[in-house]
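Read in order, the letters of the sequence shown correspond to residues 169 to 754 in the numbering used here.
Just so you know, even glycine gets a beta-carbon here, dropped at the ideal spot from N, CA and C.
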Amino acid sequence: MLTYTIAMPAPHTHLFHVSVEVDNLTDDYVDLKLPVWTPGSYMIREYARHVQSFSASTDHGQPLTWHKVAKSTWRIVTEASPKVIARYQVYAHELTVRTSHLDTSHGYINGATVFMYLPERTNEQVRVLIDVPSGWLVTTGLRPLVGDALMPDPRPKINLYTANDYDELVDCPIECGTHRLLNFDVDGIPHQIALWGHGNEQEIRLVEDTRRIVEIQRDFFGHLPYTSYTFILHLTDGRGGGLEHRNSVSNQVDRWTFQPERSYERYLALTSHELFHVWNVKRLRPAALGQFDYQTENYTRLLWFVEGATSYYDHLLLVRAGLMRPERYLARLSETILNLQSQPGRHVQSLEASSFDAWIKLYRPDENSANSSISYYLKGSLICLLLDLAIREVTHGQASFDDVMRLLFARYPINGTGIPEDGAILAAVEEVAGGCDGRFREFFANAIAGTAELDYHSALAVVGLMLVWKRHGPRAWTGLTLRSEGQRTIVATVRSDSPGYAAGISPDDELLAINGWRINETKLNARLTEHHPGQVVRLTLFRGDQLIERPLTLAEAPPDGLELVPLKEQSAEQQQAYRDWLGLRA
């Protein structure tokens, strides 16, 4: 068994003090490794860069020789000792859900950032001792270890926990501090919200709305797949994000998120999204995300499903739960469609490719990202929308994508091999909806493996809706987005399907004038209202220290607004489909 001890004797230093005891050793050396990424966030993050003051000894205190053999691997020469203890410190001053953070107010521990492991022994049970400052609580999804005869410790500051294996250890974040605990039950199963920070939250409403989210997702899948659940919620100064775990979640929102209603939606949607992952990715998972390799990328082409389906249902289930009005949901859906349609990258990168390349693209956006790539969250959610409405259409309302989710969840249990990369989701769709003469097979080939344009019109007509495109800005369009740097106006991005791109204007150019007249972003928009598509204007710019001028032929501006509105004439079947889709009563 591996035993970890983590302490925080001087929180103001942002240093976690960690030790790991490894027993039953027989080899001449042992390699301890630290993950380079954390499950749920698909980017190499190099956590080893924050490790310092490493040392090793026998259990009798005799120092042992060690050296690094790779960026995240420490090799300890055992000198025939059957047990070694490695000690090190981890600097933790990055407040995100993917990292760890320690200061005088709390200590948040994301296991992948602090717990070293032995690759050949990741399936062993582990024990964790957490030593916190006086007066601090410990809240985690790890199981408390009561009456551990192997390691009695009467000190009240010591908190003992256990995990079945290293994957479970890494999958249970830990919140230490003086946070508030809000508790509720669903089906007799305890849930707790560990609330760090203060803002404009209303605790009673927070509990009741979170409970309702749990209930609607329980109803969706039919049961809760855990014996307890912990929401770790950080109220911060503008940061945001969430990271799912098997029986817990880490969420961050701005402390003033909870009012007014449209702002509060962000908390509700984030909570709904991350909780849905309890079923979709933590239990129903791609085969490639099974036994994790913590030292390198773990590739799958199915992130569009685990994140896209979750993104589709996060808001939809809020409507079904009575926590979001249908009009607001349709407005959010309009924004999602508009967002994807404004990205030329939808013609360049397929959804499967977006999933596979998450490690190098999604989390590392640059000024060309919108031209060369798409988000598997964004397009994935719309793909699931179109599949949902198509299934409802061909089955005359007798089935939906909900049934596909439940079928896959039953077919690929947590202790199984996971969803195969090829064909499994399509097979489930065809099993629920029927083959439909290859309709769904063609859709998967064109819209998921390919880059074909999505047909929103036909899909939305199933529930009696239509798209109304709008334009609020000038008709004349350059395709440039700008940013201000002091008194300078800088080109931030250039759409690849725009006049600016054709004119050879580049990101980081400094925009000075149009037709010889000085401009900034506001003045440029004002001047564009005086022009029409097809006209040629002269833009004056600095590129580095060189003054240049570029002629640019203005084009018709693409829509910058979108509404989903009811069809003027709806059939009874469309009206019923709309109610069934959103879970509305007649």
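Item to complete: Note down the Cα distance separating Arg500 from Asp422, rounded to an integer number of angstroms.
Response: CA-to-CA, the gap between Arg500 and Asp422 works out to about 20 Å.
Worksheet item: Which full runs of the beta strand (DSSP E) of 3+ residues lie inside the stretch 346-427, going along the chain?
Response: The qualifying runs are 348-354, 357-364, 397-404, 409-412 and 416-422.
Item to complete: Can you tell me which of the three DSSP states Asn583 falls into?
Response: DSSP places Asn583 in coil when its eight states are reduced to three.
Worksheet entry | beta strand (DSSP E) segment containing Pro667, residue limits | It is not in any beta strand (DSSP E) - Pro667 instead sits in the alpha helix (DSSP H) that spans Pro667 to Ala670.
Practice prompt. Compare the Cα-Cα distances from His564 to each of Ser502, Asn583 and Gly602 and report the closest residue.
Written response: The shortest C-alpha separation from His564 is found at Gly602.
Practice prompt. From the DSSP output, in three-state form, read off Ala617 for me.
Written response: DSSP places Ala617 in coil when its eight states are reduced to three.
Practice prompt. In the DSSP assignment, find the beta strand (DSSP E) that holds Phe710 and state where it starts and stops.
Written response: Its beta strand (DSSP E) spans residues Val704 to Arg711.
Item to complete: Kindly indicate which residue of Lys201, Leu554, His185 and Gly208 has the alpha-carbon position closest to the one of Pro454.
Response: Closest option to Pro454, Cα to Cα, is Gly208.
Worksheet item: With respect to the alpha helix (DSSP H) encompassing Phe473, which residues constitute its N-terminal and C-terminal limits?
Response: Start and end: Leu471 to Val474.
Discussion item. Using a 10 Å radius around the Cβ and a threshold of 16 neighbouring Cβ atoms, would you call Leu739 buried or exposed?
Written reply: Sequence inspection shows Ser at residue 739; the Leu mentioned does not correspond to that position. Around the beta carbon of Ser739, fewer than 16 other beta carbons lie within 10 angstroms, which makes this residue exposed.
Fill in: Lys547, buried or exposed, once every other Cβ within 10 Å from all chains shown has been counted against 16
Looking at its Cβ environment, which holds 16 or more other Cβ atoms inside 10 Å, Lys547 is buried.
Fill in: Coil, strand or helix - Gly490 by DSSP
In this structure, Gly490 counts as coil in the three-state DSSP scheme.
Worksheet item: Among Thr206, Val417 and Thr646, which one has its Cα closest to the Cα of Glu465?
Response: Measuring C-alpha to C-alpha distances from Glu465 to each of Thr206, Val417 and Thr646 identifies Thr206 as the nearest.
Fill in: Exposed unless 16 or more other CB atoms sit within 10 angstroms - verdict on Lys239
Looking at its Cβ environment, which holds fewer than 16 other Cβ atoms inside 10 Å, Lys239 is exposed.
Worksheet item: What first and last residue would you give for the beta strand (DSSP E) that runs through Gly275?
Response: It spans His274 to Ile277 - the beta strand (DSSP E) in which Gly275 sits, taken as one unbroken run.
Worksheet item: For Val219, which beta-bridge partners are listed by DSSP?
Response: Beta-bridge pairing links Val219 to Val258.
Item to complete: State buried or exposed for His218, treating a residue as buried only when at least 16 other CB atoms are found within 10 Å of its CB.
Response: By the 10 Å Cβ count, His218 comes out buried.
Practice prompt. Give the secondary structure of Ile551 by DSSP, where H, G and I count as helix, E and B as strand, and everything else as coil.
Written response: If DSSP states are grouped into helix, strand and coil, Ile551 belongs with the helices.
Worksheet item: Ordered along the chain, which non-local residues of its own chain (more than five positions away) have a Cβ less than 6 Å from that of Leu557?
Response: Result list for Leu557: Ala627 and Val630, in chain order.
Worksheet item: For the 8 Å Cβ check, are there 3 or more pairs between the stretch 590-605 and the stretch 532-540?
Response: The stretch 590-605 is not in contact with the stretch 532-540.
Item to complete: Take the Cβ of Pro231 as the centre, count every other Cβ of all protein chains shown within 10 Å, and call the residue buried at 16 or more, exposed below.
Response: Exposed is the call here.
Item to complete: Give a yes or no on contact between the stretch 242-257 and the stretch 389-397, applying the rule of three or more CB pairs nearer than 8 Å.
Response: Contact check between the stretch 242-257 and the stretch 389-397: fewer than three CB pairs, one atom from each, fall below 8 Å, which does not count as touching.
Worksheet item: Is DSSP giving Val449 helix, strand or coil here?
Response: It is coil, neither helix nor strand.
Worksheet entry | Simplified DSSP state of Glu598, which is helix, strand or coil | When secondary structure is reduced to three states using DSSP, Glu598 falls in the helix class.
Worksheet item: Does the stretch 425-432 touch the stretch 185-201, meaning 3 or more C-beta pairs lie closer than 8 Å?
Response: Flag = no, the stretch 185-201 and the stretch 425-432 do not touch.
Worksheet entry | Alpha carbon of Ser273 to alpha carbon of Leu401, nearest angstrom | Answer to the nearest angstrom: the Cα atoms are 14 Å apart.
Worksheet item: Who are the Cβ neighbours of Asp748 in its own chain at under 8 Å, not counting the five residues just before and after it?
Response: Closer than 8 Å at Cβ, skipping near neighbours: Arg560, Gly565 and Ser568.
Item to complete: Could you tell me whether the Cβ atoms of Leu635 and Leu554 are closer together than 8 Å?
Response: No. Outside cutoff.
Worksheet entry | Reference Pro726; option with closest CA among Gln509, Tyr544 and His625 | Nearest neighbour of Pro726 by Cα position, chosen from Gln509, Tyr544 and His625, turns out to be Gln509.
Item to complete: Compute the Euclidean distance between the alpha carbons of Pro581 and Val516, then round it to the nearest angstrom.
Response: The alpha-carbon atoms of Pro581 and Val516 are separated by roughly 35 Å.
Worksheet item: With 16 as the cutoff for other CB atoms within 10 Å, does Leu457 come out buried or exposed?
Response: It counts as buried.
Item to complete: Pull up the distance between the alpha-carbon of Ala578 and that of Ser440, whole angstroms please.
Response: Roughly 21 Å separates the two Cα atoms.
Fill in: Whole-angstrom distance between Val282 and Pro250, CA atom to CA atom
One C-alpha to the other measures close to 24 Å.
Discussion item. Quick check on the DSSP output: the beta strand (DSSP E) that includes Trp205 runs from which residue to which?
Written reply: Bounds of any beta strand (DSSP E) do not take in Trp205, whose DSSP letter is neither H nor E.
Worksheet item: Shortest alpha-carbon distance to Phe710 belongs to which of Asp677, Glu698 and Lys691?
Response: Measuring C-alpha to C-alpha distances from Phe710 to each of Asp677, Glu698 and Lys691 identifies Asp677 as the nearest.
Worksheet item: In terms of DSSP beta bridges, what is Gln714 paired with?
Response: DSSP lists Arg711 as the bridge partner or partners of Gln714.
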